[in-house]
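Adding 917 to a residue's 1-based position in the first sequence gives its number in our numbering.
As structure tokens, the structure follows; a few thoughts come after it.
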Amino acid sequence: MRRGIAGIAGLRIEAVAFPRSRVRPISILPRPATLAERLRDRTVAEVHRRGKRIVIEIAPAGDDGQRWLAIEPRMTGLMLLVEPPTPEHVRMVMEFMGRGRKPLTFWDRRGLGTIRLFDDAGLDGACGPHKHGPDGLVVTGDDLMKRLGASRRAVKVALLDQRVVAGIGNIYAAEILFRSGIDPRSRCRRLKRAQWEAIAQQTRRVLAEAVRHEGSSIGDETYRTADNRAGRFQRRHRVYGREGERCPRCGAAILRIVQAQRATFFCPACQRRA
DNA sequence: CGTTCAACCTGGGCGC
DNA sequence: TGCGCCCAGGTTGAAC
């Protein structure tokens, strides 16, 4: 997602609008009118990612230090540089100066996403080290062991905790544990060093591969690229969404269970319980 | 500390 | 066709 819109860096914001964005509970801060006012005529310095958030860095403009626009897409949010699928689910439109500049649209069907403008301290409070562990693309076995070695939680539930490691979602937790050969119900404290190394390695690998394949698009209303194309990583899902199908490794039937109110998919035969 | 539940929302799919 | 239910790549706070 970040890569898809990285090209807006250097552009000057002509206007920002927030149609149909909920203000309460606080999913947009400050109020839309204030936010639009603060962003107008500012320049995009860079587009960053912090865990699952897109963070648009606004070049300093002398006044306040509010220069981090953090967008959290949650379940159905898309960042688009083309016409959105429907006009009624558009939550933000950012227009740029210069002829032929395509506007950036935040489209969010379910409307669970958030849009907030932060100063340095605010950004840190929202997605600093207190809220986010190391990024999944670079996490190490030591990182995981240090944070989870004494935990009684089920490993799959723990991997979804962004304070442990940032960026793993429900699909990727399943795929990471399948490739690590570990049962998602395993209690963290029972895992050995070698298993944490395996999980960390597969986390880096699965996430990097998913990025390379432009994400997972399931059905036609999930993730899309900035130019509204489907990703391809769903074709490589080995267990996610495959309840009842045969495990690609051993042929056993893939199971679906529920952990912490989320679906978990795994192979009961080749994923070992620690 | 860890788990469960409800809430925030919309919409597709299914059984009846 | 309609209705009620379940489900969905996420996060948070309250209750136990």
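Glycine is no exception: its CB is placed at the ideal position from the N, C-alpha and C atoms.
Cross-strand partners of residue i (DSSP beta bridge)
i: residue 1176; result: 1179
i: residue 1163; result: 1170
i: residue 962; result: Answer is none; residue 962 lacks a bridge partner.
i: residue 946; result: 1033
i: residue 1095; result: Answer by DSSP bridge pairing: none, since residue 1095 is not bridged.
i: residue 986; result: 973, 1034
DSSP-derived helix/strand/coil call for residue i
i: residue 996; result: strand
i: residue 1077; result: coil
i: residue 1120; result: helix
i: residue 1150; result: helix
i: residue 931; result: strand
i: residue 940; result: coil
i: residue 1131; result: coil
i: residue 951; result: helix
i: residue 1054; result: coil
i: residue 1021; result: strand
Local Cβ density within 10 Å of residue i, reported as buried at 16 or more and exposed below that
i: residue 918; result: buried
i: residue 1031; result: buried
i: residue 1044; result: buried
i: residue 1004; result: exposed
i: residue 988; result: buried
i: residue 920; result: exposed
i: residue 1001; result: buried
i: residue 990; result: buried
i: residue 1178; result: exposed
Beta-carbon contacts of residue i that lie in its chain and below 6 Å, excluding the five residues immediately before and after
i: residue 936; result: 1007
i: residue 1060; result: 1051
i: residue 1056; result: 1082, 1117, 1120
i: residue 1088; result: 1133, 1157
Sequence-distant residues of the same chain with beta carbon closer than 8 Å to residue i, five excluded per side
i: residue 1191; result: 1072, 1099, 1100, 1103, 1104, 1107, 1108, 1109, 1112
i: residue 905; result: The requested residue 905 is not part of the displayed model; the chain covers only 918 to 1191.
i: residue 1124; result: 1053, 1054, 1084, 1085, 1089
Whole-angstrom C-beta distance between residue j and residue i, which should lie under 8 Å
i: residue 929; j: residue 951; result: That belief does not hold up - the Cβ atoms of residue 929 and residue 951 are roughly 20 Å apart, past 8 Å.
i: residue 975; j: residue 962; result: 6 Å
i: residue 1022; j: residue 997; result: 5 Å
i: residue 1138; j: residue 1026; result: 6 Å
Contacting residues, own chain, Cβ-Cβ under 7 Å from residue i (five flanking each side not counted)
i: residue 982; result: 1036, 1037
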